[in-house]
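Okay, so here's the structure we're looking at.
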Amino acid sequence: MRVLDIDNVARIGLMYIDGDKFENVMTDKFSLDYDDVNYIHDDFNELKIALLKLERINPDLDISTVLWQLRPDNSNLAVPVIAGGQGRRPAHLITPVNPEMKHVFTTGESAKRVTDEGFISHYYALRDSENRIVGVLEIRENV
Amino acid sequence: MEVYLIKDHFRIDGLTGEVIEKEFSGDCVKHGKSIVLESARNEYVSFQVVFDTKGQKISKVNIDYSDLRGVGTISRNEYETYIEWFHKVNGKYIPDALIPYGKTNLEFKVPLDEEYLRNQRVGALWVDLFIPEETQPGYYGGKIKVDVDGTTHEFEITVKVHDVALCNESRIYADLNAYADSISAVFPRVAENPDRYNDGSYFELERQFHRMAYEHRCIFHYLPYRHSGIVVDSYAPEIEGEGLDIRVRSWERFDRHFGPLLDGTAFEGTRRGPAPIKFLYLPFNFCWPADFTKWGKKGYRTEFRRIMKEFTRHFEEKGWTETYMELFFNHKKRYRFFPFDGDETRFQEDGVIFEIFHDYVKDIFDETDAKFIMRTDSSWSYGLHYRQKYADICRLWVVNSLIFSWFPESVRPMKEKGNIVFIYGGSGGLPASLLELFVWPMKAVVYGIDGFTLWNSTGFGKADYLETPFALGSEIYWYPGVRFGLNGPIPSIRLKALRNFMQTGDLMKMAEGTGKLDKIIDVINEHFHADENFWWREKPAFINDPPHTWTNAGLSDAAAGYREPVESPAKTEKIKIETLKIMDGGEGK
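As they're listed, the protein sequences go chains A and B. Everything in the first sequence is counted per this note's numbering, starting at 119 for the first residue and increasing by one. Everything in the second sequence is counted per this note's numbering, starting at 12 for the first residue and increasing by one.
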């Protein structure tokens, strides 16, 4: 029996996360005040539902997901755009991109990082229909 | 050594002996021999016993009250005494936490704690005296003997009991908002119990907060789910199945949790007597009970409606029909879980969620005898929404205090629709004058609205709340009693003051529908030097712009241009006494 580990869960999930819709789901990617964030409702919900289903692919995994973009005016800053269904409230503020996430944005290769709180985060590239990297999928192990 | 009495609206610094409300210290009368208080029947009055040691230590204090005698007798048993605890805030030692005197492991002495308060100069006791409803109006006198290390200080207390009796049921809702579960963490014995949501220990603890709020004329309002939509354990019944097969599997634990609040038995033994809690949040949200992966599909609607219908049916069967059960969406898109704000709508397209969910529940809410309502918390969009369809959808409106003050014209249509209107805001915490808390019920009276929400009430954070509370105490109105051997909350001076001010507000609201209310509002306005632009404020220039274009800087600028209700805390007593006279039928001035 094939074990659906996090890499496989990500591989399956990414098939259903539409990079084109994700790219422009925030209506103002330059907004700086967190109260200014706004979304295209339908596209957000489609992407959110994909994340929720990804989190359920292997019920034995306790994971949470976030989709990230880089700030268009500063590629050293990462913006959490959509969170999945788990209880963790993502850092809702714009944060400096960590080296592992930067590596994924730059190379398209997946990476792994132990967070400051001791959790393990896995990062995967999200591509659009032209194969450009438009975001990063973070899957965090909640253990 | 100086022992004196002060009233309930000033505080004394434990390090210096100075009045905390320094700007108005001339109004803080130190009563060396006697004190006179005025009260309605069925009301608490409070005062403080202050021990200014001038540097001496106090090792033992006994306080002895006599009965108060007048036309009849007010029993000495109506006194309740608390030890004031001093917190280090902004270089001052401000009293706030109140430890029940003689009922915990804390003995009253000065310093209270050699390690923490080594240089404490002043100790203080907070005293509540309850005037039972059956007390005959008139003057009552009694004695207080305070023995300090063998030396006796004697005080005379006179209470003028007015004819009017304060209503048991509050006419103003004082809402202490909070987020579950923010209390377990500060009660280690409960936090360490992994079965706390099942074995009743957590329910008992939470109920103590509800009881304490109720005793202080407040409502503990405790949101049961997180921003993600995950419901906190035990705040919703267990459900099973999905789609057409979704159903409540068991109400057992939910009923154990909430039954005593909803049937009122949780409040047995309180002064105000048992009564069902006035408001509760429902656990329903964007992700419960309907599966959000079905959003926009018929299955989502089916799941939401089926469980809502089970709720109303269950509440009817149980006879829980007195509590407003609120369908409220606290979700904010800034937290990235959802694309729309359920709370504080800013972008107008987000208003669609009220329409969607109203469509789901309208017929269910209309058919039930239970009080199920939709709630909105409104700020940026209030000026638009109160005039639109949302005023017919949402029955409970909790409105930003500043923004509400721009729309006096909104009160009448909202009341005509039968909507319940609160204003909301924060607190300046321990450094703020107690008058700040008096202003909330006064606004409810002047505005002609139903209540106010104070955000937040259980923001304990990770700070040592007995030393310097998180956010200077601006998010708490009570403290865990664990340090003193109590597995429950202890009150604060600010909670006591709020109760006393609520009593005044409730007295005022009792005058609604009579000519007395106008006289009372005249009294309030006179003391606050209020003109027509004081409570209701001039609208800012940006008010006609779309709310999503407003900036925080613009809002701050607008707020900075208004005169705030900054007056001596002594005004609280003056306004109360004039209100009592008006309610008795006298002139009031």
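Ideal Cβ positions, reconstructed from N, Cα and C, are used throughout, including at glycine. As the structure is a prediction and not an experimental result, all values here were calculated from the model.
Closest residue to N176 of chain A among A:A243, A:R245, A:A128 and A:T225 (Cα-Cα distance): Mapped onto the first sequence, residue 176 of chain A falls at position 58. Comparing Cα positions, the closest option is A:A128.
Coil, strand or helix - Q359 of chain B by DSSP: Position 348 of the second sequence, counted from the start, is the residue given in the question as residue 359 of chain B. Residue state, collapsed to three classes: helix.
So the candidates are B:F553, B:V133 and B:A455; which of them puts its Cα closest to the Cα of T64 of chain B? In the second sequence, counting from the first residue as 1, residue 64 of chain B sits at position 53. Considering only alpha carbons, the answer is B:V133.
Quick check on DSSP: helix, strand or coil for K373 of chain B? Mapped onto the second sequence, residue 373 of chain B falls at position 362. In the structure shown, K373 of chain B sits in a helix (DSSP, three-state: H, G or I).
Go ahead and pull the three-state DSSP assignment for D138 of chain A. Your numbering for residue 138 of chain A matches position 20 in the first sequence. Three-state result, D138 of chain A: helix.
Ignoring anything shorter than 3 residues, give me the beta strand (DSSP E) runs that lie fully in the region 105 to 182 of chain B, in order along the chain. 133 to 142, 149 to 159 and 162 to 176
Can you name the residues that DSSP bridges to W186 of chain A? Counting from one through the first sequence, the residue named residue 186 of chain A turns up at place 68. The partner list for W186 of chain A (beta bridge, DSSP) reads A:P198 and A:V254.
Can you give me the Cβ contacts of I250 of chain B inside the same chain, cut-off strictly under 8 angstroms, excluding the 5 residues immediately before and after it? Looking up residue 250 of chain B in the second sequence gives position 239. Excluding positions up to five away in sequence, the list reads I257, R258, V259, R260, P300 and I318.
Closer than 8 angstroms to chain B by CB, N163 of chain A: Translated into the one-based positions of the first sequence, residue 163 of chain A becomes position 45. By this cut-off, N163 of chain A is an interface position.
Residue from B:F303, B:G270 and B:T313 with nearest C-alpha to E333 of chain B: Here residue 333 of chain B is taken as the residue at index 322 of the second sequence, counted from 1. Ranking B:F303, B:G270 and B:T313 by Cα distance to E333 of chain B puts B:G270 first.
Alpha carbon to alpha carbon, how far is P198 of chain A from I212 of chain A? Give it in angstroms, no decimals. The residue labelled residue 212 of chain A in the question sits at position 94 within the first sequence. The residue labelled residue 198 of chain A in the question sits at position 80 within the first sequence. C-alpha separation (whole angstroms): 7 angstroms.
Anticipated Cβ contact below 8 angstroms, L518 of chain B with A224 of chain B, distance rounded: Here residue 518 of chain B corresponds to residue number 507 of the second sequence, with the count starting at 1. Here residue 224 of chain B corresponds to residue number 213 of the second sequence, with the count starting at 1. Their Cβ separation, rounded to whole angstroms, is 20 angstroms, which puts L518 of chain B and A224 of chain B out of contact at 8 angstroms.
First through last residue of the alpha helix (DSSP H) which encompasses L3 of chain B: The shown model of chain B, from 12 to 600, leaves out residue 3 of chain B, and the question about it has no answer.
For I167 of chain A, list the residues DSSP reports as bridge partners. Within the first sequence, residue 167 of chain A is the residue found at index 49, counting from 1. Bridge partners of I167 of chain A: none, in fact.
Does P557 of chain B pass the burial test, meaning 16 or more other C-beta atoms within 10 Å, or should it be called exposed? For the purposes of this step, residue 557 of chain B is taken as the residue at position 546 of the second sequence. P557 of chain B should be labelled exposed.
Evaluate H240 of chain A with the Cβ neighbour count: other Cβ atoms within 10 Å of its Cβ, from every protein chain shown; 16 or more gives buried, anything less gives exposed. Position 122 of the first sequence, counted from the start, is the residue given in the question as residue 240 of chain A. Buried: at least 16 other Cβ atoms inside 10 Å.
Spell out whether any CB of chain B is found under 8 angstroms from the CB atom of V196 of chain A. Working through the first sequence from its first residue, we reach residue 196 of chain A at position 78. The question names Val, but residue 196 of chain A in the sequence shown is Ala. Closer than 8 angstroms: no.
At a CB-CB cut-off below 8 angstroms, which residues of chain A make contact with R8 of chain B? The structure shown does not extend to residue 8 of chain B, since chain B spans only 12 to 600, so no value can be given for it.
contact_flag[the region 471 to 487 of chain B, the region 98 to 105 of chain B] where n(CB pairs < 8 angstroms) is 3 or more: yes
Along chain A, which residues have their Cβ under 8 angstroms away from the Cβ of R345 of chain B? Here residue 345 of chain B corresponds to residue number 334 of the second sequence, with the count starting at 1. Counting only Cβ-Cβ distances below 8 angstroms, R345 of chain B has contacts in chain A at Y152, D153, V155 and H210, in chain order.
Contact list for C298 of chain B against chain A, beta-carbon separation under 7 angstroms: Here the question's residue 298 of chain B lines up with position 287 in the second sequence. What C298 of chain B touches in chain A: G203.
With contact counted as at least three CB pairs below 8 angstroms, one residue from each stretch, are the region 128 to 142 of chain B and the region 513 to 529 of chain B in contact? no
Whose CA, out of B:L566, B:L123 and B:F220, lies closest to the CA of L413 of chain B? By one-based count along the second sequence, residue 413 of chain B stands at place 402. Looking only at B:L566, B:L123 and B:F220, the smallest Cα-Cα distance to L413 of chain B is reached by B:L566.
Along chain B, which residues have their Cβ under 7 angstroms away from the Cβ of K139 of chain A? Taking the first sequence and counting its residues from 1, one reaches residue 139 of chain A at position 21. Here the premise fails: no neighbours, minimum Cβ distance about 12 angstroms.
When the Cα of L591 of chain B is compared with those of B:G211, B:G353 and B:D174, which residue comes out closest? Residue mapping note: residue 591 of chain B aligns to position 580 of the second sequence, counting from 1. Per the Cα distances, B:D174.
Mind checking if I239 of chain B is an interface residue toward chain A, Cβ cutoff 8 angstroms exclusive? Residue 239 of chain B sits at position 228 when you count from the first residue of the second sequence. Correcting the residue type first, residue 239 of chain B is Ser in the shown sequence and not Ile. So, interface residue.
Does any residue of chain B have a CB that is nearer than 8 angstroms to the CB of H159 of chain A? On the first sequence, position 41 is the one that residue 159 of chain A refers to. Chain B contact via Cβ: present.
In three-state DSSP terms, what is T387 of chain B? Position 376 of the second sequence, counting from 1, holds the residue named residue 387 of chain B. T387 of chain B: strand per DSSP, three-state reduction.
Could you tell me which whole alpha helix (DSSP H) segments of length 4 or greater appear in the region 262 to 326 of chain B? 263 to 274
Kindly indicate which three-state DSSP category N249 of chain A falls into: helix, strand or coil? Residue numbering aside, residue 249 of chain A sits at position 131 when the first sequence is read from its first letter. In this structure, DSSP gives N249 of chain A a state outside helix and strand, which the three-state scheme calls coil.
Looking at the C-beta of T146 of chain B, does it have a partner C-beta in chain A at a distance below 8 angstroms? Translated into positions along the second sequence, residue 146 of chain B becomes position 135. Closer than 8 angstroms: no.
Report yes if the CB atom of Y490 of chain B is closer than 8 angstroms to the CB atom of L187 of chain B, and no otherwise. Against the second sequence, residue 490 of chain B aligns to sequence position 479. Against the second sequence, residue 187 of chain B aligns to sequence position 176. Against a cut-off of 8 angstroms, the Cβ pair of L187 of chain B and Y490 of chain B comes out as no contact.
Contact with chain A by F340 of chain B, beta-carbon distance below 8 angstroms: The residue labelled residue 340 of chain B in the question sits at position 329 within the second sequence. For F340 of chain B, the nearest beta carbon of chain A is not closer than 8 angstroms to its own beta carbon.
Could you confirm whether any beta carbon from chain A is found closer than 8 angstroms to the beta carbon of W466 of chain B? As a position in the second sequence, residue 466 of chain B is number 455, starting the count at 1. Answer no: the Cβ-Cβ gap between W466 of chain B and chain A never drops below 8 angstroms.
So for N216 of chain A, helix, strand or coil by DSSP? Translated into the one-based positions of the first sequence, residue 216 of chain A becomes position 98. Three-state result, N216 of chain A: coil.
Cα separation between S193 of chain B and F290 of chain B? As a working note, residue 193 of chain B is residue 182 in the second sequence. As a working note, residue 290 of chain B is residue 279 in the second sequence. S193 of chain B and F290 of chain B: Cα-Cα distance of roughly 19 angstroms.
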